[in-house]
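This report concerns only the one structure given below.
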Amino acid sequence: MPATNETTLTQWRFFTEAEAETVDAICARIFPSSDGKPGARETKVITYIDRTTANEEEALRRCYRDGVEALNALTSELYGQRFAELTDERQDEVLERVEASTATESTGAPEGPEDEGLLATFFALVWEHTIQGMFCDPQYGGNHEALGWQLVGFPGAQWGYDAEQMRPGFDSKTIPIKTLEDLRRELRRADA
Amino acid sequence: MPETAEAVVVGLGASGGIIAEQLTRAGIRVLALDKGPVHTSEEFTFKQDEVKYYSRGSLVPQLATDPVTWRPDETSTARLLPWAAGVRGNSEPLHLPPSIGPGGGTLHWGGASWRHRDADFHMKSLIEERFGPDALEEDSTMVDWPIGYDDLEPYYDRVEWELGVSGRAGNVKGAPDPEGNPYESPRERGFPMPPLRTAPADDRFKAACQSLGYRPFQQPAAVASTDYKSLKGCEYCGFCHGFLCHVNAKQSSRITSVEAALQTGNLEIRSNSRVFRLDRDPSGRRITGVSYFDPDGNVHQVQSNLVVVACYALENSRLLLASGINANGQVGQNFMTHSFGWCSLVLPEFSNPFMAPLVAASVVDDLNCDGVPDNDEGVLWGSVLTSIPGDLQPIEAAHNLPPGMRRWGQGFKDWFSENYRRLMGIHNQVPSFPSKKYYCDLDPVVKDKFGQPALRITHDWSEHDLAALKYFEKVKRAIAEEMGATQFWSEPTPPAYHLSTHEVGTHRMGENPADSVVDIYGESHECKGLYVVGGGQFPTLSGYNPTQTLQALAYLSADHILDKV
Ligand SMILES: Cc1cc2nc3c(=O)[nH]c(=O)nc-3n(C[C@H](O)[C@H](O)[C@H](O)COP(=O)(O)OP(=O)(O)OC[C@H]3O[C@@H](n4cnc5c(N)ncnc54)[C@H](O)[C@@H]3O)c2cc1C
Ligand code: SF4
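Residue numbers (this note's numbering), protein chains in the order written: chain A, 63 to 254; chain B, 19 to 583.
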């Protein structure tokens, strides 16, 4: 099932619809949102990954292509369903199994879908990109509306902090969050 | 007809920038070649971008264009640095060679600015006196420095006053100041700027250290606490270590020495120009110039009888080897680096670790150098212990989670949203000792896209490194407990990486041409007119960060060059 109506309408730059669905489902298990607080879906991590991957080198793109295929092959074999169709619990079990094979993770580019370390490398890659997509500057397509920064109390792109803000125990959620676009706007205004 | 230049400086980083400034001020026309780009002011202004600088490592050389390989020992096959290679992208941008382009490593360094102590110049003698002649392992190639602290003191002073370092002196001409470093060797005068404001959790660190009987003081920092010369006062933005500085508060040779050199009108910078060979006369005993690739791979030659190579300890030795300047076999030997001991704490109150530069913090120096107490663990030499209360963004923080915790799912999300704002770190760095076993040479297989051989590093952590890491782990754990930390963990030791950005020793300086590569001024014993400068000159590594010492050596080299011309 696609993530949201909005992502269904998005024109993917790299993923096929089916690939986006699988990757999005993994991201949502890394940063879930069932607690009502923003997770990978609300911050649009999948958009970040799609844009990033579109500009990346071939080895990385192949890791996504082959990784999605291998993951769905694994879940079809185990449960007769694609990864995105499994329940949350089942998805977690599969990811735990994939992660446990980290010992064989290869640091090089995977050799192909049959590569033993492929799934572990693929999951490690999706993990990296999920963290980036949660906490990047929103200009990269993730951290939508700075929801990732809000979640952890990071004020984002600031010119600096004053002595009062630097007091131990200061509640950083009281500092208005800024993005790079806000900084650009401030400078444009100052120039005007 | 190849072009000629009065002097060529290869690499405009920490040391090359200083030498370029000194020569151009004296009226010498310098052509500087740097393989990196000139970073634009747009990049400096909008550098609050963790994906660009941390995740993608946009300032540092990439393995695809600048391959470096590593193996733990001679029986293994070297691979591209396994901790940084692979499809996951550059998840270890801080364990590659430093940033490139005018400014070099000082573009994105942390700015911990240390003088060595007197003891650091006599490490070998002090260890042997204290622990016996057999204390160092059989393969040790450790030697004392050919110069001492007193020789460098005036040059340390120049770094602090010409480039700008903030801090509080502990020993001006022998007069102690309890607020400063109680262990520093005597200095002629204090710092030109007072210490920085400290990041939030530092107070707690300092109080805990004091109650444990240590004597914490503030980290001397190459970050301006007030406007000073071309530097502006720090704004504590916290995108510092690994990032460019948007206000020019962080001392970078790009804005200090390189800018001053440009203003003389005697410096020409050619960026994106990669030197691949040092050219010599037929006898091989005199430098005649350099050969370089422009970005399109075209070869150019510049003739000069004064060439300063300042490309960082690793590339310096690679260039010497690739040019065949290694008659005594010493180039690339004595590779040393720091094994970092990073640990993390969760504090009961908000520490807001994303504020302030890395160096807005206290340090404990009681256990450094020969100050390490007698111990059963076999620790021969100590390390500085540094509070790291700031400069931590969320992506980097997510890469250092408590061991055993699942790195994804609801538990991870809860933990990270609850604790990111309560993190802080304590750091120490164990200097590795020089040994016959640890060296760099040319990789027999791997080449860069211009067909030049990659540098191959053969290095593993020694028993001493492991013992010292373990020893300091206990010390940090005790401090964390005293601080009331609710969680404490250490990065896995020994570290998976073998580049700490504090690589030194690979073109050792010495008086005897048989067992060293350059003299105390950095001039090649083998090839006159060729200066090879930087941390590669160090006979031993200290528990302190290396840059202020290699900057001091650069001033020394420049004085010597100017005396001769
Ligand atoms: C993230 C980070 C944090 C650091 N923090 C600290 C700290 O807090 N305190 C400290 O003391 N040290 C720190 N360091 C280390 C510090 O950056 C180095 O010690 C210092 O920059 C080394 O100076 P250098 O002159 O030898 O070389 P660099 O400053 O590295 O300069 C080398 C220059 O040579 C150029 N170059 C390389 N190869 C070629 C070639 N073939 N042709 C032409 N040009 C070439 C490069 O582009 C670069 O500009 C840090 C380093 C890093 C990476
Ligand atoms: S913390 Fe200070 S020195 Fe560091 S980048 Fe920000 S303003 Fe510059």
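Note that beta-carbon positions come from the ideal geometry of N, C-alpha and C, so glycine has one too.
All values reported here derive from a predicted model rather than from experimental measurement.
Beta-carbon of residue i versus every beta-carbon of chain B: anything under 8 Å?
| i | result |
| --- | --- |
| Thr84 (chain A) | no |
| Asp97 (chain A) | yes |
| Asp199 (chain A) | yes |
| Gly215 (chain A) | yes |
| Pro230 (chain A) | yes |
| Tyr223 (chain A) | yes |
| Asp253 (chain A) | no |
| Tyr256 (chain A) | The question about residue 256 (chain A) has no answer here: the residues shown for chain A are numbered 63 through 254. |
| Leu245 (chain A) | yes |
Give the secondary structure of residue i by DSSP, where H, G and I count as helix, E and B as strand, and everything else as coil.
| i | result |
| --- | --- |
| Gly122 (chain B) | helix |
| Cys361 (chain B) | strand |
| Met501 (chain B) | helix |
| His206 (chain A) | helix |
| Tyr71 (chain B) | helix |
| Arg215 (chain B) | coil |
| Lys65 (chain B) | coil |
| Asn437 (chain B) | helix |
| Thr355 (chain B) | coil |
| Asp537 (chain B) | coil |
| Lys546 (chain B) | strand |
| Ala165 (chain A) | Confidence in Ala165 (chain A) is poor, its pLDDT being 48 and thus under 50, which makes the residue's placement unreliable; the coordinate value appears in the next sentence. In the structure shown, Ala165 (chain A) sits in a helix (DSSP, three-state: H, G or I). |
| Phe232 (chain A) | coil |
| Phe185 (chain A) | helix |
Taking the continuous beta strand (DSSP E) assigned at residue i, which residues delimit it?
| i | result |
| --- | --- |
| Ala121 (chain A) | Run containing Ala121 (chain A): none in the beta strand (DSSP E); it sits in the alpha helix (DSSP H), Glu120 to Tyr141. |
| Gly307 (chain B) | Ile305 to Phe311 |
| Tyr457 (chain B) | Tyr457 to Lys465 |
| Phe209 (chain B) | Neither: Phe209 (chain B) is in no beta strand (DSSP E) and is coded neither H nor E. |
Excluding the 5 residues preceding and the 5 following residue i in the sequence, name in chain order all residues of the same chain whose CB lies nearer than 7 Å to its CB.
| i | result |
| --- | --- |
| Glu197 (chain B) | Arg186 and Phe235 |
| His516 (chain B) | Trp88, Thr355, Ile475 and His477 |
| Met442 (chain B) | Ala219, Leu363, Leu365, Ser369, Pro371, Ile406 and Pro407 |
| Cys329 (chain B) | Val28, Gly29 and Leu337 |
If I measure Cβ to Cβ from residue i and keep anything under 6 Å in the same chain, skipping five residues before and after, which residues do I get?
| i | result |
| --- | --- |
| Gly2 (chain B) | No answer is possible for residue 2 (chain B): the residues shown for chain B start at 19 and end at 583. |
| Gly188 (chain B) | Asp195, Gly198, Asn199, Pro200 and Glu202 |
| Leu403 (chain B) | Val382 and Asn446 |
| His578 (chain B) | Tyr539 |
| Val78 (chain B) | Pro111, Leu114 and Ser117 |
| Gly302 (chain B) | none |
| Tyr457 (chain B) | Gly350, Gln351, Phe353 and Thr476 |
For residue i, which residues in chain A fall below 9 Å Cβ to Cβ?
| i | result |
| --- | --- |
| Cys227 (chain B) | Simply none; closest approach about 16 Å. |
| Arg222 (chain B) | Pro230 |
Taking only beta-carbon atoms, is residue i less than 8 Å away from chain A?
| i | result |
| --- | --- |
| Met373 (chain B) | yes |
| Val463 (chain B) | no |
| Ala217 (chain B) | yes |
| Asn370 (chain B) | yes |
| Trp426 (chain B) | yes |
| Pro412 (chain B) | yes |
| Glu367 (chain B) | yes |
| Cys263 (chain B) | no |
| Val69 (chain B) | yes |
| Asp314 (chain B) | no |
| Ser435 (chain B) | yes |
For the alpha helix (DSSP H) holding residue i, just list the boundary residues, first then last.
| i | result |
| --- | --- |
| Lys142 (chain B) | Met141 to Phe149 |
| Tyr330 (chain B) | Tyr330 to Ala340 |
| Ala80 (chain A) | Glu79 to Ile92 |
| Pro172 (chain B) | Tyr167 to Arg176 |
| Val107 (chain A) | Val107 to Ala116 |
| Arg526 (chain B) | Counting along the chain, Arg526 (chain B) falls outside any alpha helix (DSSP H), and DSSP gives it neither H nor E. |
Give the interface partners of residue i over in chain A, defined as CB-CB distance under 8 Å, in chain order.
| i | result |
| --- | --- |
| Ile497 (chain B) | The premise fails here: Ile497 (chain B) is roughly 17 Å from chain A at the closest Cβ pair, so nothing lies under 8 Å. |
What does residue i reach in chain B if we use C-beta pairs closer than 8 Å?
| i | result |
| --- | --- |
| Gly101 (chain A) | Lys431 |
| Phe76 (chain A) | Per Cβ cutoff of 8 Å: no residues; Phe76 (chain A) is ~14 Å from chain B at best. |
| Ala121 (chain A) | Val105 |
Considering only residues of the same chain and omitting the five flanking positions on each side of residue i, which have a CB-CB separation below 8 Å?
| i | result |
| --- | --- |
| Ile287 (chain B) | Leu30, Ala50, Asp52, Val56, Pro120, Val276 and Leu280 |
| Glu167 (chain A) | With a pLDDT of 49 at Glu167 (chain A), under the threshold of 50, the modelled position of this residue cannot be trusted, and the question is left open. |
Output, in chain order, the set of chain A residues within a Cβ distance shorter than 7 Å of residue i.
| i | result |
| --- | --- |
| Asp483 (chain B) | Ordered by position in chain A, no residue passes the 7 Å Cβ test against Asp483 (chain B), which lies about 23 Å from the chain. |
| Ala416 (chain B) | Ile193 |
Would you mind telling me which residues of chain B sit closer than 7 Å to residue i, beta carbon to beta carbon, in chain order?
| i | result |
| --- | --- |
| Pro94 (chain A) | Gly427, Gln428 and Lys431 |
For residue i, go through chain B and note every residue whose CB falls closer than 9 Å to its CB, in chain order.
| i | result |
| --- | --- |
| Ser234 (chain A) | Phe368, Asn370, Phe372, Met373 and Arg439 |
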